[in-house]
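What follows is a short report on a single structure.
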Amino acid sequence: MRVALFITCLVDQMFPDVGEAMVATLRRLGVEVSFNDAQTCCGQVAFNTGYRPEARSMAEHFIRVFESDRSEFIVAPSGSCTAMVRNFYGELFHRPEDREWRERLARVKPKLREFSEFIVNELGVEDVGASFAHRVTYHDACHLLRELGISDQPRRLIRSVRNLNLIEMEAADTCCGFGGTFSVKYGEISNAIMQEKLARIEKSGAEYVIANDSSCLMQIAGGLSRTGSRVKTMHLAELLAKRV
Amino acid sequence: MALPNPNLTQRSHAALENDVLQGALKRATDTFIERRREAITSVADWEALRQRARLVKEHTINHLDYYLEQLVTRVEAHGGKVFWARTGEDVSKYIIDLARVRGVKSVVKGKSMATEEIELNHALEAAGVRSVETDLGEYIIQLAHEKPSHIIVPAIHKTRAQIADLFEEKLREGRPNEVAEITAMARRRLRNEFLSAEMGITGANFAIAETGSIVLVENEGNIRLSTQVPKIHVAVVGIEKVIPRFDDLSVFLRLLPRSGTGQKQTAYVSFLNGARQPKTESGFEFHLVLMDNGRTRILADEQMRESLYCIRCGACLNVCPVYQKIGGQAYGWIYPGPIGAVISPQLQSLKQSGDLPFASSLCGACRDACPVAINLPDMLLALRAKAKESDIGSRPAERAAMRGVAFVARHPKLFALSGSLMRVFARLLVRDGRIKSAPLSPLSDWTNYRDLPAPGGPSFRKRWKQKDMK
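Residue numbers (this note's numbering), protein chains in the order written: chain A, 1 to 244; chain B, 1 to 470.
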């Protein structure tokens with residue numbers, strides 16, 4: 001199976017280890033991986049902040065980059081970037097005269113999968129052969145959960161990791177308070193929401209928090225680090241790349 | 001409307017600093033979430049019920065003119081009088097004129113968001129008509145001269161101790177210590193108000209076009225008394241409250257109490273068909289005031305129309321991580337939470353409350369909780385786009401940054417270069433493996449509350465080339 005990576009701008013620039021772990025995991029599962037370095041950013045930040053013309057120009061770039069790709073799937077290590085393309089790009093091309101763009105989008109969109117969704121639903125694999133002897137808890141990233149409806153796949157993958165103990169935290173499905181530019185526009189509110197999440201993470205007794213979105217993890221890691229917690233964050237791809 | 005503090009950031013800061021409020025909010029929202037969760041398990045197919053309700057609302061709102069005319073015909077046939085009010089002032093003027101003609105000196109009010117929206121109490125007081133809120137929560141808010149902080153639980157932000165203090169100060173009958181003493185004290189006071197009032201004013205949860213019935217859902221019985229004891233009953237009803245048939249009601253009566261208070265059914269559900277004793281010498285009157293006040297503007301906007309499906313249950317408030325932290329009053333107007341952030345900028349103006357749609361993490365918990373499945377995050381996004389389109393709350397630096405990002409994102413080489421520069425800059429700020437403070441906004445807005453991890457080595461695109469990951 002051939003897969004094109006949509007690495008996302010945040011992973012590319014801030015969390016490249018997540019990208020490497022994703023490549024390693026996919027290759028171990030026999031997937032042929034390609035990366036087109038013309039890709040940049042999906043435009044979610046501009047879209048969510050209300051700048052639709054700017055978001056649209058980025059969406060057009062995304063479509064141009066991926067429409068000619070012959071891979072069976074496009075896989076991204078992020079629920080929210082996947083949701084941006086699958087659920088929101090349509091709103092950027094809604095006028096009657098955008099028909100051509102809608103058609104071009106329709107060639108790209110059906111191929112896009114979030115990382116855990118791809119492994120479980122398309123490869124039919126739950127045990128990727130990883131091993132990690134720690135207590136972990138899983139945070140449901142909001143867009144992954146509510147825009148894409150993905151909550152079972154990551155948990156199946158985590159449970160199949162050898163020597164691992166998954167402890168569900170209370171209200172795993174509540175927001176971490178990140179919310180894109182919300183986190184800086186309304187930093188104080190974002191922080192108050194985050195503190196609730198951090199308290200639940202600590203209460204779970206886990207050593208690691210796992211999630212599928214580097215943006216949520218950036219918020220949670222930043223909060224844990226600021227409060228002097230010992231709990232660490234880890235992207236699901238990094239967990240699945242762990243060997244004995 | 002003049003606000004004590006016009007800035008959402010400052011209003012939420014005050015709320016976040018208030019420990020008593022934080023405790024009250026947490027207890028209340030946790031309780032409502034848990035009760036709702038239990039209550040919806042007794043419905044065989046909750047999702048199907050929501051979708052059914054949504055379809056009914058969608059159909060009704062798309063044919064609103066037809067159903068409103070049907071409603072009016074039926075109400076008039078029952079001997080009720082109908083007044084179409086374009087604005088809030090029109091509503092107040094109609095009621096004040098009616099009070100003058102009938103010699104009304106005092107009014108009892110059932111809890112109603114519609115009358116809160118138009119500040120009817122202020123208008124009545126200014127016209128020399130005494131107006132008393134009879135819902136316990138609204139009564140407390142009125143005594144405290146505050147605005148409601150929740151759609152169905154207006155005094156959610158107040159603790160029992162605060163209410164006891166308030167009653168002691170305002171009612172001068174000693175300090176009621178237990179909940180039962182508080183309610184008994186309010187009941188004694190309110191009973192006299194009911195008996196002396198010449199007019200009762202309520203809202204409505206539903207208005208049924210087919211039968212001309214006004215439906216009122218409540219737990220305290222005060223709304224029923226407001227409609228039955230005074231000789232004149234005026235119902236102020238937003239035009240979106242109409243539903244086509246009596247049969248449709250069964251859908252909404254299952255959804256509303258479960259979503260709102262987590263009850264299978266409220267203690268009282270009243271059905272009013274026109275005047276109690278129409279055209280008799282006893283002089284009982286029923287007036288239905290159908291209020292627009294910005295609703296037809298929402299109706300005209302196809303993208304935003306579904307915000308009119310709301311049945312004002314408050315479920316979206318309880319599950320909202322932002323509401324849970326800042327409470328209702330921080331939203332600056334009477335509609336708080338996700339639905340408030342959606343309808344306030346539309347009923348008022350984007351200029352007045354255009355910051356509300358941005359105060360959301362877009363987590364989507366509200367959409368899941370909404371009994372009529374309003375796509376609240378999508379509405380918030382649409383309002384954000386409208387605000388930026390007309391440059392409301394102008395942020396030139398942000399706009400320039402977004403344009404810059406969009407330009408860079410269309411040029412991969414430039415993207416790689418600016419990424420490298422950004423990471424070089426970020427590394428300068430790293431102390432002990434993380435960034436704890438930054439000199440510039442928006443980076444400093446981040447580091448005010450959390451650390452930023454140091455960027456992890458070369459970018460992925462560089463590694464792909466260098467490490468020959470191909």
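Every residue, glycine too, gets a C-beta built ideally from N, C-alpha and C.
Exposure of residue 484 (chain B), with buried meaning 16 or more beta-carbon neighbours within 10 Å: Any property of residue 484 (chain B) remains undetermined from this structure, which presents chain B solely from 1 to 470.
Contact belief for residue 328 (chain B) with residue 112 (chain B) at Cβ below 8 Å, rounded distance in angstroms: With 8 Å as the limit, residue 328 (chain B) and residue 112 (chain B) do not qualify as a contact, their Cβ atoms being about 16 Å apart.
Contact list for residue 137 (chain A) against chain C, beta-carbon separation under 8 Å: The chain inventory of the structure shown lacks chain C, comprising the protein chains A and B.
Backbone CA spacing between residue 473 (chain B) and residue 181 (chain A) [nearest angstrom]: Because chain B is modelled from 1 through 470, residue 473 (chain B) falls outside the range shown and cannot be assessed.
Between the CA atoms of residue 135 (chain A) and residue 205 (chain A) - distance to the nearest angstrom: 8 Å
Buried/exposed call for residue 390 (chain B), threshold 16 Cβ in 10 Å: Residue 390 (chain B) is exposed by the Cβ-count criterion.
Minimum Cβ-Cβ distance from residue 185 (chain A) to chain B less than 8 Å: yes
Chain A contact for residue 268 (chain B) (CB, 8 Å cutoff): The C-beta of residue 268 (chain B) comes no closer than 8 Å to any C-beta of chain A.
Beta carbon proximity, residue 12 (chain B) to chain A, threshold 8 Å: yes
For residue 291 (chain B): DSSP bridge partner residues: DSSP, once it has assigned bridges, lists B:85, B:238 as partnering residue 291 (chain B).
Under 8 Å by beta carbon: chain B residues contacting residue 150 (chain A): None at all; the shortest Cβ gap to chain B is about 13 Å.
Distance CB(residue 404 (chain B))-CB(residue 152 (chain B)) smaller than 8 Å: no
Stretch pair the segment 106-118 of chain A + the segment 64-79 of chain A: three plus CB contacts closer than 8 Å: yes
Own chain partners of residue 233 (chain A) with C-beta closer than 6 Å, once the 5 adjacent residues on each side are dropped: Excluding residues within five positions, the ones whose Cβ falls inside 6 Å are 209, 217, 220, 221.
Burial state of residue 245 (chain A) (16 or more Cβ within 10 Å): In the structure displayed, chain A extends from 1 to 244; residue 245 (chain A) sits before or after that span and is not available.
Beta-carbon spacing of residue 236 (chain A), residue 157 (chain A) below 8 Å: It is a contact, given that the beta carbons lie within the stated cut-off.
Rounded C-alpha distance that separates residue 2 (chain B) from residue 443 (chain B): For residue 2 (chain B), the predicted structure reports a pLDDT of 44, less than 50, and the residue's modelled location is therefore unreliable. The matter cannot be settled from this model.
Touching by the beta-carbon criterion (3+ pairs, under 8 Å), the segment 15-27 of chain A and the segment 85-94 of chain A: no
Residue 184 (chain B), enclosing alpha helix (DSSP H) - first and last residue: 179-196
Neighbour flag for residue 225 (chain A) against chain B, beta carbons, 8 Å: Contacts with chain B at 8 Å (Cβ-Cβ) include residue 225 (chain A).
Alpha helix (DSSP H) segment containing residue 367 (chain B), residue limits: 365-369
Residues that DSSP places opposite residue 425 (chain B) in a beta bridge: DSSP, once it has assigned bridges, lists no residue as partnering residue 425 (chain B).
Segment limits, alpha helix (DSSP H) that includes residue 119 (chain A): First-last for residue 119 (chain A): undefined, no H or E at that position.
For residue 212 (chain A), the three-state DSSP class (helix, strand or coil): coil
One or two residues paired with residue 138 (chain A) in a DSSP bridge: A:210
Minimum length 3: unbroken beta strand (DSSP E) runs contained in the segment 41-103 of chain B: 81-85
Residue 557 (chain B) at chain A interface by Cβ criterion, 8 Å: Not covered by the structure: residue 557 (chain B). The range shown for chain B is 1 to 470.
At least three beta-carbon pairs within less than 8 Å, the segment 248-256 of chain B to the segment 292-310 of chain B: no
Distance, residue 140 (chain A) Cα to residue 240 (chain B) Cα: 36 Å
Close beta carbons around residue 12 (chain A), own chain, < 8 Å, minus the five adjacent residues each side: Closer than 8 Å at the Cβ level, and outside the excluded window around residue 12 (chain A), lie 19.
Reduced DSSP category for residue 413 (chain B) - H, G, I as helix; E, B as strand; rest coil: helix
Cα-Cα separation between residue 64 (chain B) and residue 266 (chain B), rounded to whole angstroms: 28 Å
Contact residues within the segment 56-68 of chain A, judged by C-beta distance below 7 Å to chain B: 57, 58, 61
DSSP-derived helix/strand/coil call for residue 31 (chain A): In this structure, residue 31 (chain A) counts as coil in the three-state DSSP scheme.
Interface residues of the segment 401-421 of chain B facing chain A [CB-CB below 7 Å]: 402, 403, 405, 406, 409, 410, 412, 415, 419
8 Å Cβ shell around residue 130 (chain B) - same chain, five flanking residues per side excluded: 105, 106, 107, 124
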